[in-house]
Amino acid sequence: MRNKNLLDIYTILTKKYKSLNWWPIDKKYHEKNKTDPRFEIITGAILTQNTAWSNVEKSLEKLKEKNKLDINSIIQSKPKELSEMIRSSGFFNQKTDRLREISMHISNKYNQDLDKFFSKDFKKLRTELLSLNGIGPETADSILLYAGEKPVFVVDAYTKRLCQRLPIDVEIDYDSIQKHFEKELSKKYSGEELIEVYNQFHAQIVIFAKEFCRKKPVCSNCPLSSICDYTNKLL
DNA sequence: GTCCAGGGCCGTT
DNA sequence: AACGGCCATGGA
Numbered sequence: 015m016r017n018k019n020l021l022d023i024y025t026i027l028t029k030k031y032k033s034l035n036w037w038p039i040d041k042k043y044h045e046k047n048k049t050d051p052r053f054e055i056i057t058g059a060i061l062t063q064n065t066a067w068s069n070v071e072k073s074l075e076k077l078k079e080k081n082k083l084d085i086n087s088i089i090q091s092k093p094k095e096l097s098e099m100i101r102s103s104g105f106f107n108q109k110t111d112r113l114r115e116i117s118m119h120i121s122n123k124y125n126q127d128l129d130k131f132f133s134k135d136f137k138k139l140r141t142e143l144l145s146l147n148g149i150g151p152e153t154a155d156s157i158l159l160y161a162g163e164k165p166v167f168v169v170d171a172y173t174k175r176l177c178q179r180l181p182i183d184v185e186i187d188y189d190s191i192q193k194h195f196e197k198e199l200s201k202k203y204s205g206e207e208l209i210e211v212y213n214q215f216h217a218q219i220v221i222f223a224k225e226f227c228r229k230k231p232v233c234s235n236c237p238l239s240s241i242c243d244y245t246n247k248l249l
C-alpha cells in the first residue's frame with residue numbers, strides 16, 4: 015500500500031511522543047535583559063544548520079554569558095568576537111556573516127522590532143528571508159513557524175527520508191513535500207491548532223528519525239512499522 | 001580513526 | 001535542473 019496517510023502517521027507519532035517542547039528558549043534570560051526571545055530562535059535556526067543541537071547550545075550559552083543574544087549586540091560585536099562565541103556550532107565564519115546579515119536586515123528595515131517584522135504577511139516575509147544570504151527554505155520556515163508562529167510546515171532531511179521510506183507519494187524536493195504536508199494537514203486543522211500541529215509534527219519527525227528512521231534504520235519496535243513498506247521489505 | 005548532525009551556497013556539467 | 005565540494009565543531 016503506497017502513499018501513506020499523513021494524518022495516520024501524525025496520530026501514531028502523537029501517541030508515542032505526546033507533547034514535545036521542541037524549541038526551548040531561555041525565558042528568564044530575556045525577561046531579565048528585556049530582550050526578545052524570538053531572536054534566540056532566529057539565532058538557533060541559523061546556528062543549527064547541518065549541526066547537532068548540542069553544539070548550538072554551547073554557543074547560545076556563550077552569547078548569554080556575554081549578554082549578546084539580541085539584535086543590537088550582534089550588530090555591535092566585531093565579527094571576530096562573534097565567530098569566537100559561536101565556534102562550537104561549526105561553520106562559524108559563514109554563520110557569523112549570516113547572523114550579522116539578518117540582524118542588519120531586521121535593524122535597517124524594521125528598526126530591530128520583531129513585532130513589526132513578524133506582522134508582515136508571512137508569505138512575503140518568507141520571500142524576504144530567502145533573499146538573505148545563508149537563509150534557505152528550512153531556516154526561513156523554522157523562523158516563521160517557531161519564532162513567528164506562522165502556519166508553515168518545516169521540511170528537513172528527516173522528513174525527506176520518511177517520505178522515501180514509507181513511502182509518501184510526493185516528489186522529494188522541499189517545496190513539493192511542504193505543499194503536500196500543508197495540504198493534507200489543513201484538511202483537518204486550522205488556525206492556532208494547525209500551527210501547533212505543524213510544530214509538533216516536525217518535532218516528532220526529527221525525534222522519530224533519530225531514534226528509528228536513521229540512515230541505518232532501526233526497524234525493530236518502530237512505531238510506524240505497520241504502515242512502512244521499507245520495514246516490510248527488510249523482514 | 002570515521003561518521004555525521006535540526007543546510008545553504010557556489011561552481012561545474 | 002542536478003550534482004559535488006565546501007564550510008568546521010564535537011559527540012558517538
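In this text, residue positions in the first sequence follow our numbering: the first is 15, and each later residue adds one.
Note that beta-carbon positions come from the ideal geometry of N, C-alpha and C, so glycine has one too.
Given the structure is predicted, the values throughout are model-derived calculations rather than measurements.
Taking C-beta atoms as the reference points, R175 and C227 count as a pair closer than 8 Å.
Of the residues S33, L180, P51, the one whose Cα lies closest to the Cα of K41 is P51. Using a 10 angstroms sphere on the CB of I191, the tally of other CB atoms reaches 16 or more, which defines it as buried. Sorting S68, S33, S117 by C-alpha distance to the C-alpha of T57 places S117 at the top. In the three-state reduction of the DSSP assignment, T173 falls in the helix class. If you draw a 10 Å sphere on the C-beta of S240, you find fewer than 16 other C-beta atoms in it, and that means exposed. As for any alpha helix (DSSP H) of minimum length 4 sitting wholly inside the segment 77-123, the runs are 85-90, 93-99, ordered along the chain. Under the three-state reduction of DSSP, I39 is assigned to coil, being neither helix nor strand.
The alpha-carbon of W37 is positioned some 7 Å away from that of Y160. Annotation: the continuous alpha helix (DSSP H) that includes L139 extends over 136-144. Annotation for C236: F226, C227, C242, T245 place their beta carbon closer than 8 Å to its own, counting only its chain and skipping 5 residues before and after. By the criterion of a C-beta distance shorter than 8 Å, I209 is surrounded in its chain by L159, E163, K164, P165, once the five residues flanking it on both sides are discounted.
With a 10 Å radius around the Cβ and a threshold of 16 neighbouring Cβ atoms, L199 comes out buried. Judged by DSSP secondary structure, V184 falls outside any alpha helix (DSSP H); it is assigned neither H nor E. By the Cβ test, the segment 27-37 is in contact with the segment 210-223, since at least three Cβ pairs between them sit closer than 8 Å. Here the alpha carbons of N35 and K46 stand approximately 22 Å from one another. Following the DSSP letters along the chain, one finds K29 inside the alpha helix (DSSP H) bounded by residues 20-31.
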